[in-house]
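J.: Numbering (numbering that gives the first Met the number 0), first residue to last: 0 to 610.
Glycine is no exception: its CB is placed at the ideal position from the N, C-alpha and C atoms.
From a predicted model like this one, the values you see are computed outputs, not experimental measurements.
Before we start, here is the structure in question, set down as structure tokens.
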Amino acid sequence: MKKKNKEDLYKENKLEASKLRIAIVSNDKCKPKKCHLECKKNCPIVKTGKFCIEVDHSSKIAYISETLCIGCGICVKKCPFGAITIINLPKDINKDVVHRYGPNTFKLHRLPIPKLGQILGLVGTNGIGKSTALKILSSKLKPNLGKFNNPPEWRDILSFFRGNELQIFFTKLLEEKLCPIIKPQNVDFIPKQIKGNILEIINKKDKLNQKEKYMSVLELDHLLDRNVEDLSGGELQRFALLISIIGQTTNVYMFDEPSSYLDIKQRISMAKIIHSLVRHDNYIIVVEHDLSILDYLSDYVCCLWGKAGAYGVVTTPFSVREGINIFLDGFIPTDNLRIREESLNFKLATDQDTTDEDKKRLHFYNYPKIVKTLNSFTLTIDKGHFSESEIFVLLGQNGSGKSTFIRLFAGLIKPDNIENLSFLDSLSVSYKPQQIQAKFTGTVRQLLMSKLKGLYNDPYFNNEIIKPLKIDAILDNQVLTLSGGELQKVAIIITLAKNTNIYLIDEPSAYLDSEQRIIVSKIIKRFILNTNKTAFVVEHDFIMATYLADHVIVFDGQAGINTVANTPQTLVAGMNKFLKIIDVTFRRDPTNYRPRINKYDSVKDKEQKLN
């Protein structure tokens, strides 16, 4: 091995000195009373007599000095509970710290910059600071510039943002010239906070007399006699959007994940409503994980990168097209940093990609016309066929029978017009439902070991499915305490672990952020291709649906009353049929071929509708 000379050592030391260390200690995982203080005993800096790690058996949590830490990572490996994370960052980014919650906790670098008369879109993973940024911009959280022990005065904060548009924004906030309104992220909590009849609440909140303008567009007319606690997720989302808009005159609108639970048609309607709120003297900020909707409604975007729960960095503003393409590519040019190893490309597969020999080896199956009535709703499934190594995406409005289709194929309910689905006699199915309920009493590790058995330690399954979903951090968490996104990832692993012919996956993107949706899309696509299986997937995220689909089954008719699931079509034909139903056109980005929804009544929209 070549011995390092003084110049090499000097360069290494200079490189290390230019790095900023962030030490994160998990409040949930750090248990000094239950361990032998391995982090402190093995720290080389502590052994020299310096207080790099301070902890004893009476402490609630360990404290790590970031100025003394050398980033050796020994404490990370030695901690029995996996409670410590050490991250190296470029040191010059430290001057951009906007907020930190406390010692060894999450910190946010920079803030998104709102602009008058334009819609700002925020894109990034969960736990990376989007909601923290909204709290700061809405004055619910005072930025401490990383000085949590001695928070600065507003005078110092304004000086920090001097020469920046944020200085003007915060000055207006302090002078109470801005009145921010936030549409909350978790609409599931609304029934606990607001109770009573829908119509009475709307009438009470409607200070601008605008309820009639929006109620029919948001499809709330038929819900007026119900109580808030009786509403579904999609209904709660549309109700929250209405209350945010009609409540009072405001000049700052903030919408946190407004498309959750909505179908594609409802998402387009929601985007049009938000666009209609733009005035020359107001600010609008939208956090959204459906990139096609973010693209459709935003004028410009800021990307957020970092490590979930540890730190987040906000990029400078980009044009919508450039910002989303940068996020999908995984390289931030302004910070000269790669945030993802692989970029995502949406180039369509052609028949030439599958050889005649490959086609001969595949098995083809036919299914008959199927009719199913549930209460006052009737679903008719036209006869069709499917083959191995293909994904069929089901597209339609909420209430059009997509989940009923999946449950019929899963054998959970029986059709009305025939005795049974005989084509399923020789085929086995694996089913992931739309609603996932945690019932297992134990850890994630115990659940996976019991369900996956030998596959849990299988190198191929680990590398292709488990590792990309990054569930190592939650393996020792109780299943009953998992969030919606964590449950979704565990459910996808268990579904794909079953050695079956058909995989029925209902809304795999629910509760996942834009980064996780990209990962899940790639996992499902690669798995179905490599294993020569068939998948039927229900999906509302337009980009994810386009990426996954080999064929499309379009549902049309009157949602909730009488609908038809059409015969499977090619991706292009099926998408065109569905887009015509919802009165939308789209084009493909020349860089990565991702679908981009055309603005309503734009030149491209009119041209394509004429053709």
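Please tell me whether W304 and T314 are closer than 9 angstroms, where the distance is taken between their beta carbons.
T.: In contact: W304 and T314 (Cβ atoms closer than 9 angstroms).
J.: Secondary structure at C51, three-state DSSP: helix, strand or coil?
T.: In this structure, C51 counts as coil in the three-state DSSP scheme.
J.: Between the region 507 to 524 and the region 286 to 305, can you find at least three pairs of beta-carbon atoms closer than 8 angstroms?
T.: Cβ pair count under 8 angstroms is three or more, so yes.
J.: Taking the beta strand (DSSP E) that N561 belongs to, which residues open and close that run?
T.: Per DSSP, N561 belongs to the beta strand (DSSP E) from N561 to A564.
J.: Quick one: complete beta strand (DSSP E) runs, 3+ long, within the region 229 to 316?
T.: Qualifying beta strand (DSSP E) stretches, in chain order: 251 to 255, 282 to 286, 299 to 306 and 310 to 313.
J.: With C-beta atoms as the reference, is S268 less than 9 angstroms away from L217?
T.: A contact, by the Cβ cut-off of 9 angstroms.
J.: Mind checking which residues open and close the beta strand (DSSP E) that includes T84?
T.: Segment I83 to P89, the beta strand (DSSP E) holding T84.
J.: Evaluate C301 with the Cβ neighbour count: other Cβ atoms within 10 Å of its Cβ, from every protein chain shown; 16 or more gives buried, anything less gives exposed.
T.: Classification for C301: buried.
J.: Can you list, in chain order, the residues of its chain with a C-beta nearer than 6 angstroms to that of D588? Leave out the 5 residues immediately preceding and following it.
T.: Excluding residues within five positions, the ones whose Cβ falls inside 6 angstroms are R595.
J.: Take the Cβ of S508 as the centre, count every other Cβ of all protein chains shown within 10 Å, and call the residue buried at 16 or more, exposed below.
T.: With 16 or more Cβ atoms within 10 Å of its Cβ, S508 is classed as buried.
J.: As an exercise, report each continuous beta strand (DSSP E) stretch of at least 3 residues that is fully enclosed by the region 490 to 546, in chain order.
T.: You should have 501 to 505 and 533 to 537.
J.: Do you know whose CA, among V428, K431, L547 and I242, lies nearest V392's CA?
T.: Checked all of V428, K431, L547 and I242; the closest Cα to V392 is L547.
J.: Determine the direct distance from the alpha carbon of T590 to that of G620, and round the result to whole angstroms.
T.: Residue 620 is absent from the structure shown; the chain starts at 0 and stops at 610.
J.: What residue range does the beta strand (DSSP E) around P332 cover?
T.: Element bounds for P332: n/a, residue is neither H nor E.
J.: Mind checking V571: buried by the 16 CB within 10 Å criterion, or exposed?
T.: V571 comes out exposed.
J.: Within the chosen definition, does the region 176 to 193 reach the region 136 to 154 through at least 3 CB pairs nearer than 8 angstroms?
T.: Enough Cβ pairs lie closer than 8 angstroms, so yes.
J.: Grouping DSSP H, G and I as helix and E and B as strand, with all else coil, what is R161?
T.: Coil at R161, not helix or strand.
J.: If we call anything under 9 angstroms between Cβ atoms a contact, is L361 one with N531?
T.: Yes, the pair counts as a contact, with Cβ atoms nearer than the cut-off.
J.: Going by DSSP in three states, K106 sits in which element: helix, strand or coil?
T.: Reduced to three states, the DSSP call for K106 is strand.
J.: If you run the structure through DSSP and keep just helix, strand and coil, what is L609?
T.: Reduced to three states, the DSSP call for L609 is helix.
J.: For L261, tell me which candidate among T124, H274 and V186 has the shortest Cα-Cα distance.
T.: Out of T124, H274 and V186, V186 has the C-alpha closest to the C-alpha of L261.
J.: Taking N561 as the reference, give the member of I44, D298, G398 and G308 with the closest Cα.
T.: For N561, the nearest C-alpha among the options comes from G398.
J.: Express the C-alpha separation of V583 and K605 in angstroms, rounding to a whole number.
T.: Near 10 angstroms, if we compare the C-alpha coordinates of V583 and K605.
J.: From Y100 to G81, what distance separates their C-alpha atoms?
T.: Distance between the alpha carbons of Y100 and G81 is about 21 angstroms.
J.: Within the continuous beta strand (DSSP E) that includes K431, where are the two ends?
T.: Where K431 is concerned, the enclosing beta strand (DSSP E) stretches over V428 to K431.
J.: State whether the region 333 to 347 contacts the region 381 to 396, with contact taken as three or more CB pairs (one from each stretch) at a distance under 8 angstroms.
T.: The answer is no - the region 381 to 396 does not touch the region 333 to 347, with fewer than three Cβ pairs under 8 angstroms.
J.: Does DSSP classify F147 as helix, strand or coil?
T.: DSSP places F147 in coil when its eight states are reduced to three.
J.: With V75 as the anchor, note down where its alpha helix (DSSP H) starts and where it stops.
T.: Taken as a continuous stretch (DSSP letters only), the alpha helix (DSSP H) holding V75 covers I73 to K77.
J.: From what residue to what residue does the alpha helix (DSSP H) around P43 run?
T.: Note, P43: alpha helix (DSSP H), P43 to K46.
J.: If distances are taken between C-alpha atoms only, which option among K452, L222, F147 and S601 comes closest to S498?
T.: Residue identity differs from the one stated: residue 498 is Asn in this sequence, not Ser. N498 has its Cα closest to that of K452, out of K452, L222, F147 and S601.
J.: How would you label T66, buried or exposed, when you count the other beta carbons within 10 angstroms and need 16 or more for buried?
T.: Exposed, since its Cβ has fewer than 16 Cβ neighbours within 10 Å.
J.: Quick check on S425: buried or exposed, where buried means 16 or more other Cβ atoms within 10 Å of its Cβ?
T.: It counts as exposed.
J.: Assign S318 to one of three DSSP states: helix, strand, or coil.
T.: If DSSP states are grouped into helix, strand and coil, S318 belongs with the strands.
J.: Would the beta-carbon of V536 fall within 9 angstroms of that of L378?
T.: Not closer than 9 angstroms, so no.
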